[in-house]
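Chemist: Taking the working numbering, the leading residue of the sequence shown gets 4, the next gets one more, and so forth. Backbone N, C-alpha and C fix where the C-beta goes; we use that ideal spot for every residue, glycine too.
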Amino acid sequence: MRAVQITEFGGPEVLTPADVEAPQPQEGRLLIDVDAAGVNYADTHQTENSYLARQTLPMVPGGEVVGRVRGGDRDGERVVALLAAGGGYAEQVLAHPAAVFPVPDGIDDGTALALVLQGTTAWHLLRTCGRLTLGESVVVHAAAGGVGTLAVQLARQWGAGRVVATASSQEKRDLAVSLGAHTAVDVSGTTTADEVRDVLREANGGKDVDVVLEMTGGHVFDGSLAALAPMGRLVAYGMASRTAPSPVAPGMLMATSRAVIGFWLVHALRMPGGLGPAMDELTSLVGAGRLRAVVGGSYPLEEAAQAHRDLLARRSTGKLVLRVR
């Protein structure tokens, strides 16, 4: 069985079939023959051992797969699965049934992979954490990425009054606007929090913003927080810059009536119903033609390292996919 395994933090190597034994079914787990695996920013953090959960070696990255169940009552069923402990860059995986979802007819591999991780993330960022209400303004950072492309569309679907997208190139900003953003701006050239704050306020018609989805860190986080209106919410779900923001003082939050909420999808798995409500709504929207996943790149499994490099260098848009079978 092929798997991309990390043997030292900093770079993956591909093992030969003789190097890895096929996984065996475990009590309560489903064995899945993998057709494709998703690539995420979290995977790049895992390979650096800079993620929320500490990594140990050897380690196989990969948070989601699409394929077919082997054996049992669901033998042959086409499914998409979320793997909280990683291991998706492989030909076979074991997944907990609660995180395995049927893939409806008409949904391709890339879309299924985007929905189960980026889609459910965007859903919870806006609904569970950001608590978006009708008419509010939303800033979606990295709006051409996997989460961003879906968050822009969902914000419009759910009645946002103004969606402000940020992206680093004109092509990416045009994509965000085509997906429903009212305007798209560039904060990649800023160096201070004040610059970020001013760009976001100007993009929102000179007014403070209500909700920010933030995954950059550093001064972009600081400026986004400064741009929040009273009762505004900033939801942090990543730190792509690898630079920590300034410490947030509780007194400042009280004085401005702002909120900072962190989000990690692992905790949504433990909520009543898990990811089921999000997946049900997302697949329904796709089936109705009201939501589309942007698949920005497809790589063979052996080129996982190149997929990571393209993601980190901002050369990609939407969802990146590894072709396994």
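#1: Could you give the distance in angstroms between the alpha-carbon of Glu-24 and the alpha-carbon of Pro-61?
#2: Taking 8 Å as the CB-CB cut-off, is Arg-71 touching chain D?
#3: Among the candidates Gln-156, Ala-239 and Ala-146, whose CA atom is the shortest distance from the CA of Lys-175?
#4: What three-state label does DSSP hand Gly-235 in the structure shown?
#5: Apart from the five residues just before and just after Leu-120, which ones in its own chain have a Cβ nearer than 8 Å to its Cβ?
#6: Based on the DSSP output, what are the partners of Asp-36 in its beta bridges?
#7: May I have the straight-line CA-CA distance separating His-185 from Ala-232, to the nearest angstrom?
#8: By the three-class DSSP mapping on this structure, what secondary structure does Thr-320 have?
#9: Would you call Asp-197 buried or exposed, if buried means 16 or more other Cβ atoms sit within 10 Å of its Cβ?
#10: Quick one: Cα of Arg-328 to Cα of Ala-316, how far?
#11: Compute the Euclidean distance between the alpha carbons of Val-167 and Ala-206, then round it to the nearest angstrom.
#12: Check whether the segment 231 to 249 and the segment 258 to 274 are in contact - that is, three or more C-beta pairs closer than 8 Å.
#13: Look up Glu-24 in the DSSP assignment and say whether it is helix, strand or coil.
#14: On the premise that Val-96 lies in contact with Gly-90, defined as a C-beta separation below 8 Å, what is that separation, rounded to the nearest angstrom?
#15: Would you identify the three-state DSSP class for Thr-50, choosing helix, strand or coil?
#16: Could you give the C-beta distance for Val-223 and Glu-139, rounded to a whole number, given that I count them as a contact under 8 Å?
#17: To which residues of the same chain is Pro-280 closer than 6 Å at the C-beta, ignoring the five residues directly before and after it?
#18: State buried or exposed for Leu-137, treating a residue as buried only when at least 16 other CB atoms are found within 10 Å of its CB.
#19: Could you work out which residue in Tyr-92, Ala-93 and Ala-87 is closest to Ala-101 when comparing CA atoms only?
#20: Going by beta carbon distance, what residues of the same chain come within less than 8 Å of Thr-47, once the five residues before and after it are set aside?
#21: If you draw a straight line from the C-alpha of Ile-110 to the C-alpha of Ala-296, how long is it?
#22: Helix, strand or coil for Glu-198 per DSSP?
Modeler: On the basis of the supplied data:
#1: Because the pLDDT at Glu-24 is just 42, under 50, the model does not fix this residue reliably, and the value given afterwards should be weighed accordingly. Taking the straight line joining both Cα atoms gives about 14 Å.
#2: Absent from the structure: chain D. Only one protein chain is present.
#3: Ala-146
#4: strand
#5: Gly-41, Asn-43, Gly-66, Glu-67, Leu-85, Gly-149 and Leu-268
#6: Arg-71 and Gln-95
#7: 19 Å
#8: coil
#9: exposed
#10: 27 Å
#11: 7 Å
#12: yes
#13: Low per-residue confidence applies at Glu-24: pLDDT is 42, beneath 50, and the placement is therefore not dependable enough to give any value.
#14: 6 Å
#15: helix
#16: The Cβ separation is near 20 Å, so there is no contact.
#17: none
#18: exposed
#19: Ala-87
#20: His-311, Leu-314 and Leu-315
#21: 10 Å
#22: helix
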